[in-house]
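Enquirer: If you read the protein sequences in the order shown, they are chains E and A.
Each residue of the first sequence is one higher than the one before, counting from 282 in the numbering used here.
Each residue of the second sequence is one higher than the one before, counting from 282 in the numbering used here.
Protein chains: 2
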Amino acid sequence: MGKGLLYVISGPSGAGKGTICKRILEELDIDLSISMTTRKPREGEVDGVNYYFVSREEFQERIEADGFLEYAQVYENFYGTPKQMVMEQLAKGRDVLLEIDTQGALNVKKAYPEGVAIFLLPPSLEELRKRLTGRGTETPEAVELRLSKTLNEISCMTEYDYCVVNDDLDVAVSHVVSIMKAEHFKVSRGVHDLMKRYEEER
Amino acid sequence: MGKGLLYVISGPSGAGKGTICKRILEELDIDLSISMTTRKPREGEVDGVNYYFVSREEFQERIEADGFLEYAQVYENFYGTPKQMVMEQLAKGRDVLLEIDTQGALNVKKAYPEGVAIFLLPPSLEELRKRLTGRGTETPEAVELRLSKTLNEISCMTEYDYCVVNDDLDVAVSHVVSIMKAEHFKVSRGVHDLMKRYEEER
């Protein structure tokens, strides 16, 4: 049994990361990486399901012990991807899915280059504007700010391994599933066990 | 519209190259590369379908004009992959499928490194022995010779991009299809057109 693969799904806000990851979890036998945060649980959020909720002190200690694949501070709260859990799952041969913002994705890719980084794109800025406006949670100014940020994020696309435009959800999911399956057959991921098996059979 | 991709499907005799390629042609919108040969057409073989049948002189001229992605002499006959036709199809944005023996595949990969080389493997040497014996066309000695050759071929597997074990045909086909689809989303194949589109929209 080989090591599992780490898939990092990212992209601008409104590209459909969350929806696509939910579908991936339904279609493939894969574990979701749960983030750790210092923010308080919201109504209905469960520790170990939505997030691992920890104190600021616990988070700080973990940072100092190099216990995160990546972490970031957003306003007064910290968010991070606990390294040990991901590594243990991969060592057991389990594939791990990580849904994360573009800054976090690039940090994970730096910390773990064998990870497969997939960038999701909205079909156009116009469509992204519609999606963000449709959520009804953001002011027009905030939407324009997000669009500017999106262009910056798109300029970092070359740091990723794959890029999928999320125009039709079903099609985008099938593309991502193909990518995730294909990665398992890469010779660069190691075929020595396989080669040995044939030699020994001889 | 980007350039098409060249997929090189190879593997030892008995790995199921031909059957899998036939299925790929049914499932995907892709062109098959037709080889050129100096051997005489057999009963029922059609020029431009099974092979391009040419004279030894024509073949020789093409070799001298660097007109092959790869070619080889097998006993008294020559076989080769005409370069121009493949390149024209790729330039038109068409994907091209090339089914070829392992020596030819490595030569194509050298001549055209952007090609996607997929190595097909039988599930075991024992299973391969059964398949080769089942064909009823080879003596037991010839089968053993093929098995030895297979081990040599397997030792070159690391030169390929992907490796798929053909245990169950349907499963193997779906793996190869995933690989072929996924390759289109590789950032390394170029996302500048895509990036430009978003910038211009802004």
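We put the CB at the ideal spot given by N, CA and C, even for glycine.
Output the distance between the C-alpha atoms of residue 488/A and residue 384/A, rounded to the nearest integer angstrom.
Expert: Absent from the structure is residue 488/A, since the part of chain A shown begins at 282 and ends at 483.
Enquirer: Give, in chain order, every residue of the stretch 400–421 of chain A whose Cβ lies closer than 8 Å to some Cβ of chain E.
Expert: Look at the stretch 400–421 of chain A: the residues with a C-beta under 8 Å from a C-beta of chain E are 400, 402, 405, 406, 407.
Enquirer: Would you mind giving the Cβ-Cβ distance between residue 289/E and residue 396/E, rounded to the nearest angstrom? I have them listed as a contact below 8 Å.
Expert: As a working note, residue 289/E is residue 8 in the first sequence. As a working note, residue 396/E is residue 115 in the first sequence. Contact annotation, residue 289/E with residue 396/E: C-beta distance approximately 5 Å; criterion of less than 8 Å satisfied.
Enquirer: Are the CB atoms of residue 367/E and residue 350/E within a distance shorter than 8 Å?
Expert: For the purposes of this step, residue 350/E is taken as residue 69 along the first sequence, with counting starting at 1. For the purposes of this step, residue 367/E is taken as residue 86 along the first sequence, with counting starting at 1. Cβ distance < 8 Å, so residue 350/E and residue 367/E count as in contact.
Enquirer: List, in order along the chain, the chain D residues whose C-beta lies closer than 7 Å to that of residue 439/E?
Expert: Chain labels in this structure do not include chain D; the protein chains are E and A.
Enquirer: Looking at residue 387/E: is its Cβ nearer than 8 Å to the Cβ of residue 287/E?
Expert: Residue numbering aside, residue 387/E sits at position 106 when the first sequence is read from its first letter. Residue numbering aside, residue 287/E sits at position 6 when the first sequence is read from its first letter. Between residue 387/E and residue 287/E, the C-beta gap is not smaller than 8 Å, which leaves the two residues out of contact.
Enquirer: Applying a beta-carbon distance threshold of less than 9 Å, which residues of chain A neighbour residue 475/E?
Expert: Taking the first residue of the first sequence as 1, we reach residue 475/E at position 194. Per Cβ cutoff of 9 Å: 402, 435, 438, 444, 446.
Enquirer: Quick one: Cα of residue 320/A to Cα of residue 293/E, how far?
Expert: Within the second sequence, residue 320/A is the residue found at index 39, counting from 1. Within the first sequence, residue 293/E is the residue found at index 12, counting from 1. Straight-line Cα distance between these residues: approximately 57 Å.
Enquirer: Name the chain E residues whose beta carbon is nearer than 7 Å to that of residue 460/A?
Expert: In the second sequence, residue 460/A corresponds to position 179, counting from 1. Residues of chain E whose Cβ lies closer than 7 Å to the Cβ of residue 460/A are, in chain order, 463, 466.
Enquirer: Is the Cβ of residue 479/E closer than 8 Å to any Cβ of chain A?
Expert: Here residue 479/E corresponds to residue number 198 of the first sequence, with the count starting at 1. True, the Cβ-Cβ gap to chain A drops below 8 Å.
Enquirer: Identify whether residue 411/A lies in helix, strand or coil by the three-state DSSP scheme.
Expert: Within the second sequence, the letter at position 130 stands for residue 411/A. In the structure shown, residue 411/A sits in a helix (DSSP, three-state: H, G or I).
Enquirer: I want to verify the contact list: residues of chain E whose CB lies under 7 Å from the CB of residue 432/A, in sequence order.
Expert: As a working mapping, residue 432/A is identified with position 151 in the second sequence. Correct list: 479, 480, 483.
Enquirer: Which one of 453/E, 414/E, 471/E has the shortest CA to CA distance from residue 301/E?
Expert: The residue you call residue 301/E lines up with position 20 of the first sequence. Of 453/E, 414/E, 471/E, the residue nearest in Cα terms is 453/E.
Enquirer: Classify residue 394/E as buried or exposed, calling it buried when 16 or more other Cβ atoms lie within 10 Å of its own Cβ.
Expert: Residue mapping note: residue 394/E aligns to position 113 of the first sequence, counting from 1. Exposed, by the Cβ-count rule.
Enquirer: Mind pulling the beta strand (DSSP E) runs of 3 or more residues that sit fully within the stretch 299–356 of chain A?
Expert: 349–355
Enquirer: Quick check on DSSP: helix, strand or coil for residue 393/A?
Expert: On the second sequence, position 112 is the one that residue 393/A refers to. In this structure, residue 393/A counts as coil in the three-state DSSP scheme.
Enquirer: Tell me whether residue 373/A is buried or exposed, calling it buried when 16 or more other Cβ atoms sit within 10 Å of its Cβ.
Expert: Counting from 1 along the second sequence, the entry for residue 373/A is found at position 92. So residue 373/A counts as exposed.
Enquirer: Per DSSP, residue 287/E forms a beta bridge with which residues?
Expert: Start at 1 with the first residue of the first sequence, and residue 287/E comes out as number 6. Bridge partners of residue 287/E: 377/E.
Enquirer: Measure the C-alpha to C-alpha separation of residue 328/A and residue 322/A and round it to an integer number of angstroms.
Expert: Here residue 328/A corresponds to residue number 47 of the second sequence, with the count starting at 1. Here residue 322/A corresponds to residue number 41 of the second sequence, with the count starting at 1. In a straight line, the C-alpha of residue 328/A is about 8 Å away from that of residue 322/A.
Enquirer: From 303/A, 360/A, 295/A, 407/A, pick the residue whose C-alpha is nearest to that of residue 457/A; which is it?
Expert: Counting from 1 along the second sequence, the entry for residue 457/A is found at position 176. When each option's Cα is compared against that of residue 457/A, the closest is 303/A.
Enquirer: With burial defined as no fewer than 16 other Cβ atoms inside 10 Å of the residue's Cβ, what is the status of residue 358/A: buried or exposed?
Expert: The residue labelled residue 358/A in the question sits at position 77 within the second sequence. Looking at its Cβ environment, which holds fewer than 16 other Cβ atoms inside 10 Å, residue 358/A is exposed.
Enquirer: Between 332/A, 436/A, 352/A, which lies nearest to residue 313/A when the distance is taken from Cα to Cα?
Expert: Here residue 313/A refers to the residue found at position 32 when the second sequence is read from its first residue. The shortest C-alpha to C-alpha distance from residue 313/A to any of 332/A, 436/A, 352/A is the one to 332/A.
Enquirer: What residues match up with residue 487/A in a beta bridge as DSSP calls it?
Expert: Residue 487/A lies beyond the residue range present for chain A, which begins at 282 and ends at 483; the question has no answer from this structure.
Enquirer: Bridge partners of residue 453/A, per DSSP?
Expert: The residue labelled residue 453/A in the question sits at position 172 within the second sequence. DSSP lists no partner for residue 453/A.
Enquirer: How far does the beta strand (DSSP E) with residue 362/E in it extend, from its first residue to its last?
Expert: Start at 1 with the first residue of the first sequence, and residue 362/E comes out as number 81. Looking at the DSSP string, the run of the beta strand (DSSP E) that includes residue 362/E is 358–363.
Enquirer: Quick check on the burial criterion: 16 or more other C-beta atoms within 10 angstroms. Buried or exposed for residue 426/A?
Expert: Against the second sequence, residue 426/A aligns to sequence position 145. Per the 10 Å Cβ criterion, exposed.
Enquirer: Under 8 Å, with one C-beta from each stretch per pair, do the stretch 471–481 of chain E and the stretch 428–442 of chain A reach the 3-pair mark?
Expert: yes
Enquirer: Alpha carbon to alpha carbon, what distance is there between residue 398/E and residue 316/E?
Expert: As a working note, residue 316/E is residue 35 in the first sequence. As a working note, residue 398/E is residue 117 in the first sequence. If I take the Cα positions, the gap works out to 17 Å.
Enquirer: Sorted by chain position, which residues of the same chain lie with C-beta nearer than 7 Å to residue 284/E's C-beta, five sequence neighbours on each side aside?
Expert: Reading the first sequence from its first residue, position 3 is the one you call residue 284/E. Result list for residue 284/E: 371, 372, 374, in chain order.
Enquirer: Where does residue 336/A land, buried or exposed, given buried means 16+ other C-beta within 10 angstroms?
Expert: For the purposes of this step, residue 336/A is taken as the residue at position 55 of the second sequence. The residue is exposed, with fewer than 16 neighbouring Cβ atoms inside 10 Å.
Enquirer: Can you tell me which of the three DSSP states residue 423/E falls into?
Expert: Translated into the one-based positions of the first sequence, residue 423/E becomes position 142. Three-state DSSP puts residue 423/E in a helix.
Enquirer: Inspect the beta-carbon positions of residue 318/E and residue 356/E and report whether they are closer than 8 Å.
Expert: Locating residue 318/E in the first sequence gives position 37, where the first residue counts as 1. Locating residue 356/E in the first sequence gives position 75, where the first residue counts as 1. Going by C-beta atoms, residue 318/E is not nearer than 8 Å to residue 356/E.
Enquirer: Compare the C-alpha of residue 440/E against each of 470/A, 348/A, 326/A and name the closest.
Expert: Locating residue 440/E in the first sequence gives position 159, counting from the first residue. Per the Cα distances, 470/A.
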